[in-house]
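Residue numbers 1 to 126, in the numbering used here, belong to the letters of the sequence shown in order.
Idealized CB from N, CA, C, for every residue including glycine.
Values in this document were obtained by computation on a predicted structure and should not be read as measured data.
Only one structure is covered here, and it is reproduced in the block below.
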Amino acid sequence: MAGFPTASAEPTQALPEVPADPGRAVFVDDPQILNPHATTVESWSRSGEGLRVNFASGAPDCFGVHVLVEETPEAVTVDLNGGMPPASIGRMCIALAVPGSVDVPLDRPLGDRVVLAVADSLDKPS
């Protein structure tokens, strides 16, 4: 996927597992987002055979996400990027923080593997 680093390209940090929150807006992974940038991963929840990655974003009709995943026998590493969906070009958007999540399918069940986020996707102190 041109324009995106691989999930293992940067240092990683373990993410906390939290109960699923039905109040979060569920985004659909969109590899076509424009102007991709690292988006802070807050936590994750189990979702069927995969994960649901949690983050804060803009309104879903003006903001999209694309997640890269690398799986090993020991860990699942996620790299979350945010950007504008192509359908939002020219749309009037407001600055509004929305708790969001995106489902991440896995090649095999998570089991006891640790979930990591790429360091560029983590909240960094200023």
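Looking at the unbroken beta strand (DSSP E) that takes in residue i, where does it start and where does it end?
i	result
A25	25-27
G100	98-104
Q32	First-last for Q32: undefined, no H or E at that position.
A95	Note, A95: premise wrong, no beta strand (DSSP E); not H, not E.
Would you mind stating whether residue i and residue j have Cβ atoms separated by less than 7 Å?
i	j	result
V102	V53	yes
L15	G50	no
V28	A117	no
Since residue i sits in a beta bridge, which residues does DSSP pair it with?
i	result
L110	L110 is not bridged to any residue.
V118	T12
(message) When you compare the stretch 53-61 with the stretch 94-103, are there three or more beta-carbon pairs, one atom per stretch, that lie closer than 8 Å?
(response) yes
(request) List in chain order: all unbroken beta strand (DSSP E) runs of 3+ residues lying wholly within the stretch 26-93. (result) 34-38, 43-47, 50-57, 64-71, 75-84
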